[in-house]
Structure formats: C-alpha cells, structure tokens
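Asker: Okay, so the sequence shown: first residue is 136 according to the working numbering, each after it adds one.
Glycine included, each C-beta is placed from N, C-alpha and C at the ideal position.
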Amino acid sequence: MIKNRKRNRRKVPLLKRLAHGGKKVAIAINSVLRVTLVIALAIALPVGIYQGYHAVIRSTYFEVTAVRIDGLDRLSRQEVLELVHLDGRASIFGLDEEWAENQLLENPWVLSANVTRELPRTVRIEIEEREAVGWLYWDGLWQVDAEGAAIVEGSPTQVDGPVITGIEPVPAAQDSGASANRILTALSLVRAYNASSYAEADPISEVHFDELVGYSLLTATNELEIRLGQDRFDERMARLEDVLHAMAGQSMAERYILLDGDGELTRVAVGPARPGRGVSETDRANEQRLR
136 MIKNRKRNRR KVPLLKRLAH GGKKVAIAIN SVLRVTLVIA LAIALPVGIY
186 QGYHAVIRST YFEVTAVRID GLDRLSRQEV LELVHLDGRA SIFGLDEEWA
236 ENQLLENPWV LSANVTRELP RTVRIEIEER EAVGWLYWDG LWQVDAEGAA
286 IVEGSPTQVD GPVITGIEPV PAAQDSGASA NRILTALSLV RAYNASSYAE
336 ADPISEVHFD ELVGYSLLTA TNELEIRLGQ DRFDERMARL EDVLHAMAGQ
386 SMAERYILLD GDGELTRVAV GPARPGRGVS ETDRANEQRL R
C-alpha cells in the first residue's frame, strides 16, 4: 500500500514575511487615516461655515448705515427705527424682514408694511398708514379710519369734526364686523349732510346710533335732532332738505325732525325736543305735520 506523502512546502523567508505583514499594516493604517480625515472634514466644515458666517455678520462692512423710510405721516422716523431694532448698530444679516414687518403692523397707525434688505448696508422700509376720518366716543374719544376700525384714543382738544356715539369701538387688528359697518354708515351720513346746502349754516356735531331707533344727526348751531332710522338713507336725506327748505325763516333751535318712519316719507314730524333730546309720545301727538 502506497501512502500519500505530504508535499514539501517552501518556507518563506523571515524578511519577506515581515515585509508582507508591514504592507497589511500600512493598508490598515491608510484606511484608518482616510476614515479619520473624512470624519474630521465632516466636523470641521460646518464649524468653519458657522464661524465664517458669524465673522461676516459681525463685519463692519455689512453694518447698516442707511435706512430709507417712505410713507410716514403720523409716525416718526425714530418710532419706526425702534420698532424694527435699527435705532443702534446692526448687521444687515441680523434683520429678519418678515419679523420687522410684523413689528411695524403692531402699531395701530400702520395699515401695511414692506421691509427689504439692499446689500451691503441699506434697509428700505415702505409704510402705508391708516387715515383718520372721524371721531368716536365710547368711554373716551377714539379716532376711526376709512374701514370703520378704531385706531387710537385721542383727546377733546384734537376733535375737529362730528363725533359718532353709541357704537363700541373695535381695534383695527381685530375683526370689527357689525361695529365697523355701523361706523361706516355714520360716516356716510356725515358726508351726505356735508354735501347739502344747509351744512355750512348748521354743521353736524354728533351722529348717534341706537339699536332700536337707528341713526340720529345732532347739529351744532341749532341743536337740531334729526332721526333717520335704520335704512333708506338717500331718501331720508333728500326729504330732510325739502323739510328744511319748507321751514326756512322759522326758528329751528332745539327741535326734532322725525324721518325714521317705515312707510312713506311724505309726512314728517317736526316739534320741540325735550331736555336730553328724548322725543316722547306727547311730542309726537303735538308734532307739526309737513306735507
């Protein structure tokens, strides 16, 4: 029986074995270095970007040196700068345009605002202010705008026109709803009266609203009370002019004119008003009828 003989293996010299092992170690080290380099870059890149960003925004080159503001009337330039935090040193990159616009809209006089950055050092602010078109009294005087919203409280020394009463003010930032509609109606009645031939001689001092009675005009010279009801104001104002023409030459001091009926306006009640401007049933019974 023939036994298989083990093949003789050539023994690798020691130096060659050491050289081969060294290559493996070098490859391993090289791989570790590559991974380490990638990790280092992954960490260093965002840090570098962050530091670079802060270096840029802190640079005096991008410090705001010009703020151009358009549309100011009620507000002062200083008020606007304080609202958007540009009243001191600031970087143009530190200004959030949307935030600045919201800050400006917090002011009751500001209807709209647009803020833009113009590199490297300029900020432009465009403002549209609310226009005060009338006065309202409700636990104090308020100025109201053309949308029927209350803007700010005022003082009696500022009043330069008729005062609306009986309507609760709603700030411009809130949904004014029915309150705004009532104020707008009152303002339209003032405009209609002021366009008439008798407005100069006896201007309106007050427009009063009552849930049941509707709108009443109170005049300054004759202290005349004119009740106009809740609707059909064009018809009622036209009829009022007819009544005043018919009564020309008569004293109209402290009298009332009732134009608040629901039916035809051919019959109008005119009579003396009681103290406090209340019109009683007795007044109505003694009224003067105009046809």
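Helix or strand or just coil, what does DSSP make of Ile302?
Answerer: Counting from one through the sequence shown, the residue named residue 302 turns up at place 167. Ile302: coil per DSSP, three-state reduction.
Asker: Identify every run of the alpha helix (DSSP H) within the region 340-423, keeping only runs that are complete inside it and at least 4 residues long; order them along the chain.
Answerer: Taking only runs of at least 4 residues, the alpha helix (DSSP H) segments lying wholly in the region 340-423 are 368-381 and 416-420.
Asker: Which first and last residues belong to the alpha helix (DSSP H) in which Ile318 is found?
Answerer: Looking up residue 318 in the sequence shown gives position 183. Taken as a continuous stretch (DSSP letters only), the alpha helix (DSSP H) holding Ile318 covers Gly312 to Asn329.
Asker: Within 8 Å, do at least three Cβ pairs link the region 199-206 to the region 262-269?
Answerer: Because the criterion of three Cβ pairs below 8 Å is met, the region 262-269 and the region 199-206 touch.
Asker: Going straight from the alpha carbon of Thr200 to that of Glu236, what length do you get?
Answerer: Within the sequence shown, residue 200 is the residue found at index 65, counting from 1. Within the sequence shown, residue 236 is the residue found at index 101, counting from 1. Their Cα atoms are separated by approximately 19 Å.
Asker: Once you ignore the five residues that flank Val268 on each side, which residues in its own chain have a CB closer than 7 Å to its CB?
Answerer: In the sequence shown, counting from the first residue as 1, residue 268 sits at position 133. Hits under 7 Å: Val279, Asp280, Ala281 and Leu322.
Asker: Just verifying my parser: in three-state terms, what is the DSSP assignment at Val199?
Answerer: Within the sequence shown, residue 199 is the residue found at index 64, counting from 1. Coil at Val199, not helix or strand.
Asker: Restricting to Cα atoms, I'd like to know which of Ser331, Leu239 and Arg256 is closest to Val378.
Answerer: To locate residue 378, count along the sequence shown from 1; it is residue 243. When each option's Cα is compared against that of Val378, the closest is Ser331.
Asker: Could you please give the first and the last residue of the uninterrupted beta strand (DSSP E) stretch that includes Glu253?
Answerer: For the purposes of this step, residue 253 is taken as residue 118 along the sequence shown, with counting starting at 1. Segment Val245 to Glu253, the beta strand (DSSP E) holding Glu253.
Asker: Going by beta carbon distance, what residues of the same chain come within less than 8 Å of Thr171, once the five residues before and after it are set aside?
Answerer: Here residue 171 refers to the residue found at position 36 when the sequence shown is read from its first residue. Contacts found: none.
Asker: Could you please give the first and the last residue of the uninterrupted alpha helix (DSSP H) stretch that includes Arg212?
Answerer: Walking along the sequence shown from the start, residue 212 turns up at place 77. That run of the alpha helix (DSSP H) goes Arg212 to Leu218.
Asker: Which term fits Tyr350, buried or exposed, when burial requires 16 or more other beta carbons within 10 angstroms of its beta carbon?
Answerer: By one-based count along the sequence shown, residue 350 stands at place 215. Burial call: buried.
Asker: Check the DSSP bridge columns for Val119 and list the partner residues they point to.
Answerer: Absent from the model: residue 119. The displayed extent of the chain is 136 to 426, so no value can be given.
Asker: The alpha helix (DSSP H) that contains Ala235, what's its start and end?
Answerer: Working through the sequence shown from its first residue, we reach residue 235 at position 100. Looking at the DSSP string, the run of the alpha helix (DSSP H) that includes Ala235 is Glu232 to Leu240.
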